[in-house]
Structures are given as structure tokens and as C-alpha cells.
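Enquirer:
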Amino acid sequence: MKHTTLLSATLGLPASWHVIEAHLSEEKQRIDLTITTAPGSSFKCPCCGCEAHPTDESREFWYHDNFLNLRAYLTAHVPRITCHQGCGLQRVTPPWERLGSKFRQISDKAPHEE
Ligand SMILES: [Zn+2]
342 MKHTTLLSAT LGLPASWHVI EAHLSEEKQR IDLTITTAPG SSFKCPCCGC
392 EAHPTDESRE FWYHDNFLNL RAYLTAHVPR ITCHQGCGLQ RVTPPWERLG
442 SKFRQISDKA PHEE
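Converting from the sequence shown to the working numbering requires adding 341 to each position, the first position being numbered 1.
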């Protein structure tokens, strides 16, 4: 099993989402993850629940201060869909953005520490 596959499972990602890059710094107790969605996947509209294929995506940055005892920084490519039921362009809710998740969105990519 590749370590990115293992990390996807640890994050509880469904099959359409996966970790494509992971950089661990044991010295800094930090892990940087890049998450994207599988090509061809469809996603639920957050308003009405119907499924659609992504129209585009936006890049988001997330932080968790204790993921596997590490500070974790996510760079996520979060798709947006155009809902067929008239909800318009909608951002897909990523799996880690759920009640109780310790991840919080940050405005910018964390600067690399020297
Ligand atoms: Zn909709």
C-alpha cells in the first residue's frame, strides 16, 4: 500500500477523493498533504443532493494542529459543480469539513518554515 493511500484512509476519504502528495518532516512534526478528486467522479450538490460532474475547482488550504501527532497542512483541490436542478454553481463539501472535524480552513498556504 502506498503511503498516500494509507493517508487517504486515515483521513476517512471516500474513493473519489485522495491524497496525491505527502511531505513529512519529523524534525518539524509537520506533514503537508495535497488532496484532489479522481477524474470522472461526480459529486452531490450541497443544496439539493443531486449528482453532477465538476465544472471547475478551487484551491483551499486547511490546517489541523494534531493529526497523527503532527501539525497537518492540507492543500485541497475542491471541485465546484453546476447543479442540474437550478441551484447554480456550488462548491462541493469536502469530506473533512464535517461536524466534529478538527480541520479548519486557513486563508493562505502556510509558509514553509526554514
Ligand atoms: Zn442542487
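No residue lacks a Cβ here, since even glycine has one placed at the ideal position from N, Cα and C.
For residue 344, which of helix, strand or coil comes out of DSSP?
Expert: helix
Enquirer: Using the beta-carbon count (16 or more within 10 Å), is residue 389 buried or exposed?
Expert: That one is exposed.
Enquirer: Short of 6 Å in beta carbon distance, which residues of its chain neighbour residue 432, apart from the five on each side in sequence? Order them along the chain.
Expert: 421
Enquirer: My output table needs one value for residue 349: the three-state DSSP class, helix, strand or coil.
Expert: helix
Enquirer: Residues with a Cβ closer than 6 Å to any heavy atom of ligand 1, in chain order?
Expert: Output, sorted by chain position: 386, 388, 389, 391, 424, 426 and 428.
Enquirer: Between which two residues does the beta strand (DSSP E) harbouring residue 413 extend?
Expert: 411-424
Enquirer: Can the beta-carbon of residue 436 be found less than 8 Å from the beta-carbon of residue 380?
Expert: Cβ atoms of residue 436 and residue 380: not closer than 8 Å.
Enquirer: For residue 437, list the residues DSSP reports as bridge partners.
Expert: DSSP output for residue 437 lists no bridge partner at all.
Enquirer: Provide the residue(s) that pair with residue 362 in DSSP beta bridges, ordered along the chain.
Expert: 375
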